[in-house]
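Number of protein chains: 2
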Amino acid sequence: MKLTLDCLPCLLRQSLEAARLTAMDNHHEQAIMDAALALLSDYKRYTTSPQLARAIHRQVKQITGSADPYRAIKHEHIRAALELYDQARARVLASDNPLLIAIKAAAAGNLIDAAIYRDIEIGQAILNRLDLPMAICDLDELSCRLREAKTVLIIGDNAGESVFDRLLAEQLKPATVYYAVKSQPIINDATLEDARLSGLESCARLVESGCDSPGTILEDITPAFADLLWHADIVISKGQGNYEGMSDIPRDIFFLLKAKCPLVAGHFGVPLGSDIFRYQAQSS
Amino acid sequence: MKLTLDCLPCLLRQSLEAARLTAMDNHHEQAIMDAALALLSDYKRYTTSPQLARAIHRQVKQITGSADPYRAIKHEHIRAALELYDQARARVLASDNPLLIAIKAAAAGNLIDAAIYRDIEIGQAILNRLDLPMAICDLDELSCRLREAKTVLIIGDNAGESVFDRLLAEQLKPATVYYAVKSQPIINDATLEDARLSGLESCARLVESGCDSPGTILEDITPAFADLLWHADIVISKGQGNYEGMSDIPRDIFFLLKAKCPLVAGHFGVPLGSDIFRYQAQSS
């Protein structure tokens with residue numbers, strides 16, 4: 044999915060959020076915004092939104108002097124998600140269709156991303172979404188493929204959300220499940236440390252993608268991740284950033300995300316905020 | 044009210060809206076965004092948001108080759124508002140407190156600004172707001188001052204909204220009411236032509252402020268407008284842009300606006316979207 048002019052104000056807003064969350068003082072906030080504006084002014088150099096976001100957040104790391112400025116926030120998200128985990132898991136296991144509820148939980152976990160500090164009812168909101176239909180849900184396609192699949196790759200998204208991905212990973216057995224994380228911290232995306240804190244080692248083999256962008260950028264991926272990406276029987280890509288990076292990938296793939304951007308929602312033909320589980324057949 | 048880092052993403056979003064509304068093609072849209080990013084990168088040169096917005100929209104005029112790129116949109120807003128005028132006026136005249144309802148109408152008219160093309164129910168929404176309490180309403184202060192006032196200056200805001208300002212102007216008689224508009228087109232702010240199309244000549248003396256910014260910038264005002272601003276018995280400033288430009292003005296003033304920005308809402312201590320009629324005593 045190409046970078047558009049619409050991405051520019053959104054990325055500048057995200058830069059301000061990053062400045063407010065990570066900077067030590069007003070001087071550092073200004074420096075983050077100055078650096079973001081310089082990069083945004085050069086937007087034609089970038090093909091996708093995750094590429095430009097990566098450049099912005101590399102600057103945030105440099106200006107804050109922190110390799111992982113969101114570390115405390117990620118740990119808080121994981122802690123909050125772990126508090127909900129048992130209830131969500133009980134809902135999955137009590138269901139007539141555990142795989143469906145696990146998919147809903149993995150999508151609903153994405154709510155934690157932006158909302159957790161603003162809404163104390165977020166936990167209940169996630170659990171409530173397990174009762175609601177998804178805007179798009181290609182569950183049958185997954186069920187059929189799972190019968191013969193030996194390997195499944197889940198490409199993870201944010202810390203916190205990662206806790207709910209355990210529910211999905213558990214439902215994909217007896218296939219061997221790989222769970223991919225970012226190789227370097229980027230915003231609140233899950234790293235190896237975050238995946239371990241989320242308890243994912245109990246149900247999946249953890250693998251680093253090679254990326255340090257909010258989304259998978261194919262030029263950056265490691266040979267080991269590339270091998271999984273091209274040869275796993277099933278690939279499930281989580282979140283909007285990974286969709287933006289891989290929407291044109293030449294392999295069949297399941298995209299599992301909440302549409303947080305009007306352009307992405309438009310791509311899928313669903314209202315903003317919808318939960319989506321879409322099977323996309325090999326495009327080229 | 045000073046320009047803050049929060050203004051930057053908001054102004055870039057407004058630039059994209061301007062590009063989409065006024066540019067002829069993608070090339071011109073890009074040129075508008077490129078120009079906006081160049082100006083935003085130099086944000087420390089500007090004191091207030093209206094000053095930076097003025098610079099951005101001067102570029103929009105240059106790039107589109109149009110002195111008034113929003114002219115057709117403004118005419119459409121005025122036409123839509125005129126369709127509501129008789130109903131709103133009947134509500135004012137039937138009320139026990141016509142001045143209060145007229146103030147509410149002048150504030151609610153501000154809804155037209157952003158919403159008219161997105162919501163066919165906007166007309167009903169404006170009329171409904173006449174029944175709702177305002178977040179802040181210093182009506183008594185105005186009523187007392189009106190008893191002795193010979194001159195009232197209303198500093199107008201957007202075209203369309205201007206139609207509802209007639210209801211307020213009519214309630215301020217027998218004082219002589221002056222209605223100030225921008226001297227040059229800027230976004231959808233009312234100019235002399237727009238004020239005439241709105242029917243304001245029937246109830247107020249029209250005057251140009253000297254400004255071509257979305258908000259009154261004191262350095263730009265004409266001697267005639269300055270005379271009114273400093274010597275009118277009552278000054279009513281409409282809209283957020285005029286508040287941003289004049290929040291620190293050393294004279295007593297009534298601010299009548301919808302708080303469309305979190306920072307402005309925070310200044311008044313009200314929720315975002317609130318309608319406000321606030322008397323501010325001379326600050327220095």
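Quick mapping for you: the protein sequence lines, in order, are chains A and B. Heads up, the first sequence is in this note's numbering, so the first residue is 44 and it goes up one at a time. Heads up, the second sequence is in this note's numbering, so the first residue is 44 and it goes up one at a time. Backbone N, C-alpha and C define an ideal beta-carbon position, used for all residues, glycine too.
For residue 76(B), the C-beta contacts it makes with chain A under 7 Å involve 48 and 51, in order along the chain. Taking C-alpha positions only, residue 300(B) is separated from residue 291(B) by approximately 16 Å. The shortest CA-to-CA distance from residue 285(A) to any of 307(A), 122(A) and 48(A) is the one to 307(A). The DSSP assignment places 277 to 281 and 296 to 301 as complete runs of the beta strand (DSSP E) inside the stretch 272 to 314 of chain B, in order along the chain (cut-off: 3 residues). Fully contained in the stretch 160 to 216 of chain A are the following beta strand (DSSP E) runs of length 3 or more, in chain order: 194 to 198. Taking a C-beta distance under 8 Å as the contact criterion, residue 205(B) and residue 241(B) qualify as a contact pair. Remark: C-beta atoms of residue 324(A) and residue 311(A) do not approach each other more closely than 8 Å. If you check the CB distance, residue 181(A) and residue 320(A) come in under 8 Å.
Taking the Cα positions, residue 171(B) is about 33 Å away from residue 171(A). Of the other Cβ atoms in all chains shown, 16 or more fall within 10 Å of the Cβ of residue 201(B); this residue is therefore buried.
Separation of the CB atoms of residue 265(B) and residue 198(B) is rounded to 13 Å, and the pair is thereby denied contact status at 8 Å. Here the alpha carbons of residue 150(B) and residue 237(B) stand approximately 18 Å from one another.
DSSP, read as helix, strand or coil, puts residue 82(A) in helix. Short of 6 Å from the beta carbon of residue 196(A), and not among the five residues preceding or following it, lie these beta carbons of its own chain, in chain order: 221, 271, 275 and 278. Taking residue 184(A) as the centre and dropping the five residues before and after it, the same chain places the C-beta of 322 closer than 6 Å to its C-beta, in chain order. Look at residue 66(A) here: in three-state DSSP terms it is coil, with no helix or strand label. Taking CB atoms only, residue 72(B) has a neighbour in chain A less than 8 Å away. Here residue 223(B) carries a strand assignment [DSSP, helix/strand/coil]. A residue is called buried when at least 16 other Cβ atoms come within 10 angstroms of its Cβ; residue 186(B) does not meet this threshold and is exposed. Relative to the Cα of residue 212(B), the nearest Cα in the group 56(B), 132(B) and 169(B) belongs to 132(B). Looking at the backbone, the Cα of residue 93(A) and that of residue 110(A) are separated by about 18 Å. Each residue's CA atom was taken as its position, placing residue 228(A) and residue 282(B) some 43 Å apart. The beta carbon of residue 112(A) sits closer than 7 Å to those of 65, 103 and 104, all from its chain and outside the five residues before and after it, given in chain order.
Distance from the CA of residue 85(A) to the CA of residue 69(A), rounded to the nearest whole angstrom, comes to 25 Å. For residue 318(B), the enclosing beta strand (DSSP E) starts and ends at 318 to 323.
The DSSP assignment places complete alpha helix (DSSP H) segments of no fewer than 4 residues inside the stretch 72 to 155 of chain B at 92 to 107, 114 to 137 and 141 to 151, in order along the chain. The C-alpha of residue 101(A) lies about 43 Å from the C-alpha of residue 114(B). Rounded to whole angstroms, residue 87(A) and residue 76(B) show a C-alpha spacing of 11 Å.
In the DSSP assignment, no residue is bridged to residue 244(A). DSSP, read as helix, strand or coil, puts residue 54(B) in helix.
Residue 317(B) sits away from residue 98(B), with the two beta carbons spaced by 8 Å or more. Across the structure, residue 61(B) and residue 313(A) are spaced so that their CA atoms are roughly 26 Å apart. Look at residue 294(B): its C-beta is not under 8 Å from any C-beta on chain A.
Its chain contains 201 as the residues whose beta carbon lies nearer than 6 Å to that of residue 156(B), once the 5 sequence neighbours on both sides are disregarded; these appear in chain order. Check the Cα spacing between residue 123(B) and each of 203(B), 95(B), 55(B) and 137(B): the tightest is with 203(B).
For residue 80(A), the chain B residues whose C-beta falls within less than 7 Å of its own C-beta are 80, 83 and 84, listed in chain order.
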